[in-house]
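Shown next, in structure tokens, is the structure this report addresses.
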Amino acid sequence: MSGVASLSRTVDDNAPYDVEEVRTDFPILSEKIYGKPLVFLDSAASAQKPRVVIEAMKNLYEHEYANVHRGLYWLSERATDRFEQARRTVAAHLNAAHDHEIVFTRNGTEAINLVAATWGRTFLKAGDEIVISELEHHANIVPWQMLRSEKGIVIKVAPITDEGELRMDAFRALLGPRTKLVAIAHMSNVLGTIFPVKEIVASAHAIGAKVLLDGCQAATHQRVDVQDIGCDFYAITGHKLYGPSGIGALWGREELLDAMPPYMGGGEMIDKVSFEKTTWAPLPHKFEAGTPAIVQAHGLAVALDYMNGLGLERIARHENDVLRYANERLGAIPGLRIIGTAPSKASVVSMLADFAHAHDIATVIDREGVAVRTGNHCAQPLMARLGVNATVRASIGLYNRRQDIDALAEALEKVRRVFG
Amino acid sequence: MANLEKFEEFVDNLSQLDDETRFEYILDLARKHRHDPFPASDMTPEHEMHGCQAKVWIVHEQRGDMHYFRGHSDAAIVNGLVTMMTDSFSGLTSREIAELSIDHVRKLNLGSLTMQRQVGMMAMLKYIKKLGLAQAA
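As given, the protein sequences belong to chains L and R, one line each in that order.
The numbering used here numbers the first residue of the first sequence as 224 and each following residue consecutively.
The numbering used here numbers the first residue of the second sequence as 907 and each following residue consecutively.
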């Protein structure tokens, strides 16, 4: 079955993998853009998909597809098995204590909104405080602002240093008797900083606050163990994990999820329905109204199997090697400044050039086949904090190699010739 | 019919260029600013058009019933596009401004420089119309 070929690669967990061989697993990487080989450096926005994921989804549609949790027939049971197996795979990937602590969502954004709309609405009242940080993605700012408008809660923002690290002293100073939740990124999508989440959790729990971690970036670059971290909620998205779009997951502690009301009403999430009274299905189905993203969930599980086949530690080591090279190579380009230099960072290089605007850079290097992200990266408050309007962000996935960084550096030299 | 001589000139010039030279042409338009710089004193929030990745300022001036625009961006390519728009639609009457539509942007055929940019141009046209029509109202 899909993913097995990759799993067989794990001969020696410590040896680096052959990135050229890995690249052949990703059909899109052999595409040509404007007649030039694609250099894809935008995996932090969305990662490319290995063939095993594409084929597994196609296979499910062609041979095993039906709605889940309903039909008493072979196909439906098969599809249900696939879907619930996907839940077990995600649970194992995050080391959740129970499979039913995994709630499938459309993406990380929906996972955070689910917590805001259910836990937040139920357990927060006017004057209660939520602490976020200056480097949050809009997905971990706006849901709390919506809750603030509705409930009168207070949002406090923990500052970062110029290097992009959380100022732990200032963060701790924001925690108080009214703090009910710390909602914070595990890893910054703009700067690559990895926050000291265990320390954050310890501080928050010491004053009785819950902790939600936005793990959409972190989970793609390192092993995540929610029990070891000790957080209360963890949000991930499938499309950054080499899986399809349209699937994400929320992990929550069983007792918290149990106490939360449903997110949406409809089929699948009920126990008994009458016009007088409806009771809810047990976890996790209480939070999964309507037909879920069945095939996408399976695709995500195959993608996680693929990553585990390569080895999460090996992926991290490989990406860190490319990141180190990127820092050296790009850092040596005169007039180019790397934004975000925290010692603990992964896979993201945000840049500003004094010779061209980020927008111009992206336009010119696109013509060289180099795909990077420019703009505010859905983090306008962070841009304001850094005093910049837009950055160029190159992000590294498990299939990137030093040559990709060379291609980017050469394309940047061309930008300098055009605009400098 | 509106006096769109300048606009038609842009359409004509662009239609004769391939993607690569079209790009050079737009950069040349941006360089025009080196001889006619946009004053820093006009780069104010009042003149800023929001919604672009790059910063864009457009200043509107009305003389009689004629509208004049000049603009600037901190990104060179956007600067060229701003120049194209402000030069194209300066010297029009209120009625002529009201008649401008996204078909004018489509006619420039900049979609080949990515759809995002064409969308940005449409936003710019909308902004120019807003400035012109607000003043006329």
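The C-beta atom is built at its ideal place from N, Cα and C for all residues, glycine as well.
Tell me Q968 (chain R)'s beta-bridge partners as DSSP assigns them.
Along the second sequence, read from residue 1 onward, the residue named residue 968 (chain R) stands at position 62. Partner(s): R:H973.
Between the alpha carbons of N318 (chain L) and D437 (chain L), how many angstroms are there, rounded?
Working through the first sequence from its first residue, we reach residue 318 (chain L) at position 95. Working through the first sequence from its first residue, we reach residue 437 (chain L) at position 214. Spanning the two alpha carbons is a distance of roughly 16 Å.
Assign V434 (chain L) to one of two classes, buried (16 or more other C-beta atoms within 10 Å of its C-beta) or exposed (fewer than that).
Here residue 434 (chain L) refers to the residue found at position 211 of the first sequence. Its Cβ being crowded by 16 or more others within 10 Å, V434 (chain L) is buried.
Kindly indicate if chain R contains any beta-carbon less than 8 Å away from that of T233 (chain L).
On the first sequence, residue 233 (chain L) is found 10 positions in, with the first residue counted as 1. In this predicted model, T233 (chain L) has a pLDDT of only 47, less than 50, meaning its place in the structure is not dependable enough to derive any value.
Can you tell me whether DSSP reads F306 (chain L) as helix, strand or coil?
Position 83 of the first sequence, counting from 1, holds the residue named residue 306 (chain L). Correct three-state label for F306 (chain L): helix.
Could you tell me the distance, in whole angstroms, from the CA atom of M224 (chain L) to the CA atom of L533 (chain L)?
Numbered from 1 along the first sequence, position 1 holds the residue referred to as residue 224 (chain L). Numbered from 1 along the first sequence, position 310 holds the residue referred to as residue 533 (chain L). Bear in mind that the predicted position of M224 (chain L) carries a pLDDT of just 36, short of 50, making it unreliable; the figure below should be weighed with that in mind. The straight-line gap from Cα to Cα measures roughly 16 Å.
From the DSSP output, in three-state form, read off K568 (chain L) for me.
Reading the first sequence from its first residue, position 345 is the one you call residue 568 (chain L). Strand.
Which whole-angstrom value is the C-beta distance of V242 (chain L) and H444 (chain L), which I expect to be below 8 Å?
For this step, residue 242 (chain L) is matched to residue 19 along the first sequence. For this step, residue 444 (chain L) is matched to residue 221 along the first sequence. Rounded, the Cβ-Cβ distance is 16 Å, inconsistent with contact.
Environment of Y240 (chain L) [buried if 16+ CB atoms lie within 10 Å]
On the first sequence, residue 240 (chain L) is found 17 positions in, with the first residue counted as 1. Y240 (chain L) should be labelled buried.
Could you list the residues in the segment 963 to 990 of chain R with a C-beta less than 7 Å from some C-beta on chain L, going in chain order?
D980, A981, A982, I983 and V984
Cα-Cα separation, A960 (chain R) to N985 (chain R)
Within the second sequence, the letter at position 54 stands for residue 960 (chain R). Within the second sequence, the letter at position 79 stands for residue 985 (chain R). Their Cα atoms are separated by approximately 9 Å.
Evaluate S497 (chain L) with the Cβ neighbour count: other Cβ atoms within 10 Å of its Cβ, from every protein chain shown; 16 or more gives buried, anything less gives exposed.
As a position in the first sequence, residue 497 (chain L) is number 274, starting the count at 1. The residue is exposed, with fewer than 16 neighbouring Cβ atoms inside 10 Å.
Buried or exposed: which applies to A238 (chain L), given that a residue is buried once 16 or more other Cβ atoms fall within 10 Å of its Cβ?
Position 15 of the first sequence, counting from 1, holds the residue named residue 238 (chain L). It is exposed - the Cβ of A238 (chain L) has fewer than 16 other Cβ atoms within 10 Å.
Determine whether the Cβ of K938 (chain R) lies closer than 8 Å to any Cβ atom of chain L.
Taking the second sequence and counting its residues from 1, the one referred to as residue 938 (chain R) is at position 32. It does not; no Cβ of chain L falls within 8 Å.
Between A512 (chain L) and the rest of its own chain, which residues show a CB-CB distance below 8 Å, the 5 nearest in sequence each way excluded?
Against the first sequence, residue 512 (chain L) aligns to sequence position 289. So the qualifying residues of the chain are P485, Y486, M487, G488, G489, G490, E491 and M492.
Flag this pair as yes or no: are the beta carbons of I353 (chain L) and I335 (chain L) separated by less than 8 Å?
In the first sequence, the residue the question calls residue 353 (chain L) occupies position 130. In the first sequence, the residue the question calls residue 335 (chain L) occupies position 112. No.
Do the CB positions of A526 (chain L) and G466 (chain L) come within less than 8 Å of each other?
Here residue 526 (chain L) refers to the residue found at position 303 of the first sequence. Here residue 466 (chain L) refers to the residue found at position 243 of the first sequence. A contact, by the Cβ cut-off of 8 Å.
Give a yes or no on whether the minimum CB-CB distance between A632 (chain L) and chain R is below 8 Å.
Numbered from its first residue, the first sequence carries residue 632 (chain L) at position 409. Judged by the 8 Å Cβ criterion, A632 (chain L) is not in contact with chain R.
Which residue comes first and which comes last in the beta strand (DSSP E) that contains L436 (chain L)?
In the first sequence, residue 436 (chain L) corresponds to position 213, counting from 1. K433 to D437 is the extent of the beta strand (DSSP E) around L436 (chain L).
Close Cβ partners of L621 (chain L) (< 6 Å) along its chain, the five nearest in sequence each way excluded
Position 398 of the first sequence, counted from the start, is the residue given in the question as residue 621 (chain L). Cβ within range, chain order: I538.
On a Cα-Cα basis, can you pick out the residue from L:Y257, L:F306 and L:A270 that is closest to V587 (chain L)?
Along the first sequence, one-based indexing puts residue 587 (chain L) at 364. Out of L:Y257, L:F306 and L:A270, L:Y257 has the C-alpha closest to the C-alpha of V587 (chain L).
Where the beta strand (DSSP E) through R596 (chain L) begins and ends
Along the first sequence, read from residue 1 onward, the residue named residue 596 (chain L) stands at position 373. Its beta strand (DSSP E) spans residues R596 to G598.
Does the beta-carbon of N919 (chain R) have 16 or more other beta-carbons within 10 angstroms, so that it is buried, or is it exposed?
Taking the second sequence and counting its residues from 1, one reaches residue 919 (chain R) at position 13. By the 10 Å Cβ count, N919 (chain R) comes out exposed.
Please report whether the beta-carbon of G610 (chain L) lies at a distance below 8 Å from any beta-carbon of chain R.
Here residue 610 (chain L) refers to the residue found at position 387 of the first sequence. Chain R contact via Cβ: absent.
To test your reading of the DSSP string, which unbroken beta strand (DSSP E) runs of 3 or more residues are found completely within the segment 394 to 480 of chain L?
402 to 408, 433 to 437, 456 to 460 and 471 to 475
Using the beta-carbon count (16 or more within 10 Å), is G1038 (chain R) buried or exposed?
Within the second sequence, the letter at position 132 stands for residue 1038 (chain R). It counts as buried.
Of the choices L:V593, L:R274 and L:F642, whose alpha-carbon is the least far from that of M530 (chain L)?
The residue you call residue 530 (chain L) lines up with position 307 of the first sequence. Answer by Cα proximity: L:R274.
Which chain L residues sit within Cβ distance under 8 Å of A1040 (chain R)?
As a working mapping, residue 1040 (chain R) is identified with position 134 in the second sequence. Here the premise fails: no neighbours, minimum Cβ distance about 26 Å.
Between the CA atoms of V405 (chain L) and N282 (chain L) - distance to the nearest angstrom:
Translated into positions along the first sequence, residue 282 (chain L) becomes position 59. Translated into positions along the first sequence, residue 405 (chain L) becomes position 182. Between N282 (chain L) and V405 (chain L), the C-alpha separation is close to 41 Å.
Looking at the structure shown, is M483 (chain L) part of a helix, part of a strand, or coil, going by DSSP?
As a working note, residue 483 (chain L) is residue 260 in the first sequence. Coil, per DSSP.
Using a Cβ distance threshold of 8 Å, determine whether the segment 924 to 940 of chain R contacts the segment 954 to 970 of chain R, with at least three qualifying pairs required.
no
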